[in-house]
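Below is one structure, written out as structure tokens; comments come after it.
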Amino acid sequence: MATGRTHRPATRSRGIPEATVARLPLYLRALTALSERSVPTVSSEELAAAAGVNSAKLRKDFSYLGSYGTRGVGYDVEYLVYQISRELGLTQDWPVVIVGIGNLGAALANYGGFASRGFRVAALIDADPAMAGKPVAGIPVQHSDDLEKIIEDNGVSIGVIATPAGAAQPVCDRLVAAGVTSILNFAPTVLSVPDGVDVRKVDLSIELQILAFHEQRKAGEEAAAAADRAGPVVAGRGESADKGPDGDVPAVMPA
Numbered sequence: 000m001a002t003g004r005t006h007r008p009a010t011r012s013r014g015i016p017e018a019t020v021a022r023l024p025l026y027l028r029a030l031t032a033l034s035e036r037s038v039p040t041v042s043s044e045e046l047a048a049a050a051g052v053n054s055a056k057l058r059k060d061f062s063y064l065g066s067y068g069t070r071g072v073g074y075d076v077e078y079l080v081y082q083i084s085r086e087l088g089l090t091q092d093w094p095v096v097i098v099g100i101g102n103l104g105a106a107l108a109n110y111g112g113f114a115s116r117g118f119r120v121a122a123l124i125d126a127d128p129a130m131a132g133k134p135v136a137g138i139p140v141q142h143s144d145d146l147e148k149i150i151e152d153n154g155v156s157i158g159v160i161a162t163p164a165g166a167a168q169p170v171c172d173r174l175v176a177a178g179v180t181s182i183l184n185f186a187p188t189v190l191s192v193p194d195g196v197d198v199r200k201v202d203l204s205i206e207l208q209i210l211a212f213h214e215q216r217k218a219g220e221e222a223a224a225a226a227d228r229a230g231p232v233v234a235g236r237g238e239s240a241d242k243g244p245d246g247d248v249p250a251v252m253p254a
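Following numbering that gives the first Met the number 0, the numbering of the sequence shown begins with 0 at its first residue and continues without gaps.
The following block contains the structure:
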């Protein structure tokens with residue numbers, strides 16, 4: 000089986016737009032669910048709904064793969080799973096190292112979805128000497144002093160950084176110097192990398208803040224709608240609407 004250090008996905012050479020590449024995993028997830036239910040074919044409308052995109056965009060995306068479906072039948076589910084997996088490079092073995100085995104790093108190590116999607120956790124690395132040799136998800140943690148040798152021995156081209164923010168850039172620099180060309184960054188900081196190195200950032204706190212923004216906006220819209228339904232405030236009996244509580248001073252003075 001090919002390894003990640005000797006093969007790269009073909010998406011760039013084939014001119015597939017980055018926006019399309021970003022949606023391919025969504026299609027693959029939906030198709031995998033259909034495959035597990037032994038569904039043989041799926042229409043563009045059904046698959047688009049399952050992936051959360053519109054059907055016209057899906058058909059355009061699939062045209063880059065050379066897959067157009069069959070009129071009146073739809074797309075062959077198993078073939079699309081293979082086609083997208085191949086395009087994403089998931090038919091290869093991709094050894095991955097996770098650096099930083101705290102709570103988050105340990106949770107990532109225990110995530111069962113890596114192996115089923117073509118990613119093999121080749122090594123777990125941490126700077127704490129007390130962690131050395133400790134098994135996490137059945138894999139003994141190795142000390143960061145050996146990072147370069149670990150990467151070379153395992154042919155690693157993808158690194159996952161789950162360290163504290165202050166340690167992330169030095170770890171990134173060592174990964175890149177050792178030959179890692181793709182990094183998934185969970186540390187709450189922006190990494191600086193040279194050309195030719197891809198970085199994907201996952202920041203859970205930012206995602207939660209965005210959700211908080213939307214919740215606040217929805218609450219404001221609901222409050223405004225409730226105020227509209229209640230109608231204008233009517234002054235009480237014997238009280239002028241343009242006077243304050245004492246009857247002769249406006250409740251709000253002009254600036």
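Using N, Cα and C, we set each Cβ at its ideal position, and we do this for glycine too.
Values in this document were obtained by computation on a predicted structure and should not be read as measured data.
Note that the C-beta distance between residue 15 and residue 78 is not below 7 Å. Three or more Cβ pairs closer than 8 Å define a contact, and the stretch 109-120 falls short of that threshold against the stretch 178-198. Relative to residue 167, the option among 131, 191, 134, 109 whose CA is nearest is 191.
For residue 131, there is no enclosing beta strand (DSSP E), as DSSP marks it with neither H nor E. Under DSSP, the beta-bridge partners assigned to residue 118 are 93. The shortest CA-to-CA distance from residue 68 to any of 35, 225, 40 is the one to 40. From the listed residues 74, 70, 21, 17, the smallest Cα separation to residue 30 is found for 74. Straight-line measurement puts the Cα of residue 133 at about 14 Å from the Cα of residue 98.
Residue 94 and residue 153 do touch by the CB rule: their CB atoms are close to 5 Å apart, below 8 Å. Taking 7 Å as the cut-off, the beta carbon of residue 124 is found closer than this to the beta carbon of residue 146. Per DSSP, residue 100 is not a residue of any beta strand (DSSP E), being assigned neither H nor E. In this structure, 83 is the residue among 83, 213, 56, 129 with its C-alpha nearest to the C-alpha of residue 28. Boundaries of the alpha helix (DSSP H) harbouring residue 205: 203-229, taken from the DSSP string. Under the three-state reduction of DSSP, residue 198 is assigned to strand. For residue 109, no alpha helix (DSSP H) encloses it, and the DSSP letter there is neither H nor E. With distances taken between CA atoms, residue 37 lies nearest to 76 out of 76, 215, 49, 19. Residues 27, 30, 31, 34 of the same chain have their beta carbon placed closer than 8 Å to that of residue 80, with the five preceding and five following residues left out of the count. Residue pairing by DSSP places residue 75 opposite 40 in a beta bridge.
Taking 7 Å as the cut-off, the beta carbon of residue 108 is found closer than this to the beta carbon of residue 136. In this structure, 104 is the residue among 110, 219, 104, 24 with its C-alpha nearest to the C-alpha of residue 140. Going by beta carbons, residue 60 and residue 22 fall inside the 7 Å limit.
Exclusion of the five residues before and after residue 171 leaves 160, 182, 190, 192 as the residues of its chain whose Cβ lies within less than 7 Å of its Cβ.
Listed in chain order, the non-local C-beta contacts of residue 47 below 8 Å within the same chain comprise 53, 54, 56, 57, local neighbours out to five positions each way being set aside.
A distance below 6 Å between beta-carbons, with the five flanking residues on each side excluded, links residue 177 to the following residues of its chain, in chain order: 147, 150.
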